[in-house]
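So the structure is just underneath, and the comments pick up after that.
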Ligand SMILES: [Zn+2]
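Rendered as structure tokens:
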């Protein structure tokens, strides 16, 4: 009777002990060990006692196992060893990867999706540069930017961007693509001939992306990303409403800079036009953007005429190739009289 009862209790202990393998040590574990050791000896049974939480990471055998149980135990230990190795490898990889992208940010680790990770890998391989992400505010209401740097592909993300969103994913892919064009495809950077005033810096910021963003958006689509940000269509719809109401173009940072505001409006128009002209859009996106282009043309004849000049320069050159882009930008620098303080890097 004692043996029968002992066997039953030993089996209960075994079930409980097995269930605890891999889980943190529970205070009852040592008490169970004392109890089942006694029961095991009396019952001649076999128990695997879990000591994983004692920082050992393995299980010890306290009595004679059967052949079948030995096989199970061996398989279990092998699996545990493989898991430990896998975890260690992944941890090292993660540490290296995060170290590479956070050297300048001092920010919480950024976890990329597999799609973005593989794209960033491709770009870092082609440019032979690591990616560095900084979190800080940007001028002109920008939420993300590519910043030329002597060593890295450096991108800046506004602190308000939630890194877990599609918007962050798109922004990183977009800015990284500017790095790809600059450091692997030979696209010329606009550099200052002398220290720039705040207005001149605005002129440079606008000109630097006026044509290049069209190229970036098409590459993004080729790489399986959306060619525009998740909030883009909603923004365009808002801009359409403003245009239909013949309202002032919404840009508080350029309220006292008429020329800057005009060029910003042209930039917005050209990006929208470029999406229709060079990307393949679904019907809804195409309709929303086409409506915006029509509203813009009706509401802002002066800025539309400026945009027409830029459009014809873009159409005359193959901007999807470095030399064509260079020629187009040389014409833009002339058109907008930027040569006094800007030039293209060799
Ligand atoms: Zn851009």
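Numbering (the numbering used here), first residue to last: 1376 to 1721.
Cβ coordinates follow ideal geometry from the N, Cα and C atoms, glycine included.
Cβ-Cβ distance between residue i and residue j below 8 Å
i	j	result
residue 1568	residue 1716	yes
residue 1645	residue 1686	yes
residue 1596	residue 1555	no
residue 1512	residue 1489	no
residue 1495	residue 1527	no
residue 1672	residue 1637	no
residue 1522	residue 1530	yes
residue 1719	residue 1563	yes
residue 1619	residue 1559	no
residue 1551	residue 1584	no
residue 1647	residue 1617	no
residue 1713	residue 1573	no
residue 1667	residue 1614	yes
Residue environment, residue i, which counts as buried when at least 16 other CB atoms sit within 10 Å
i	result
residue 1675	buried
residue 1566	exposed
residue 1388	Annotation note: pLDDT 38 at residue 1388 (below 50); position unreliable, coordinate value reported separately. Its Cβ being crowded by 16 or more others within 10 Å, residue 1388 is buried.
residue 1492	exposed
residue 1504	buried
residue 1652	exposed
residue 1710	exposed
residue 1546	buried
residue 1404	In this prediction, residue 1404 has a pLDDT of 36, which is less than 50 and means its spatial position is unreliable; nothing more can be read from the coordinates.
residue 1725	In the structure displayed, the chain extends from 1376 to 1721; residue 1725 sits before or after that span and is not available.
residue 1622	exposed
residue 1650	buried
residue 1548	buried
residue 1731	Residue 1731 falls outside the range modelled here, since the chain spans only 1376 to 1721, and no answer is possible.
Whole-number beta carbon distance between residue j and residue i, since they are thought to touch under 8 Å
i	j	result
residue 1577	residue 1632	7 Å
residue 1519	residue 1532	5 Å
residue 1515	residue 1580	6 Å
C-beta neighbour in chain B for residue i, strict 8 Å
i	result
residue 1652	Absent from the structure: chain B. Only one protein chain is present.
| query | Which runs of the beta strand (DSSP E) spanning at least 3 residues fall entirely within the region 1547-1629, listed in chain order? | reply | 1565-1567
| Are at least three pairs of beta-carbons, each pair with one atom in the region 1591-1606 and one in the region 1542-1550, less than 8 Å apart? | yes
| message | So, does the region 1699-1709 touch the region 1583-1590, judging by three or more C-beta pairs under 8 Å? | response | In short, these stretches touch, since the Cβ pair count reaches three.
| Touch test, the region 1648-1668 against the region 1703-1711, Cβ-Cβ under 8 Å, three pairs minimum | no
| Contained beta strand (DSSP E) runs [length at least 3] in the region 1503-1538, N- to C-terminal order | 1506-1510, 1519-1522 and 1528-1532
| Complete runs of the alpha helix (DSSP H) confined to the region 1664-1695 [at least 4 residues] | 1676-1691
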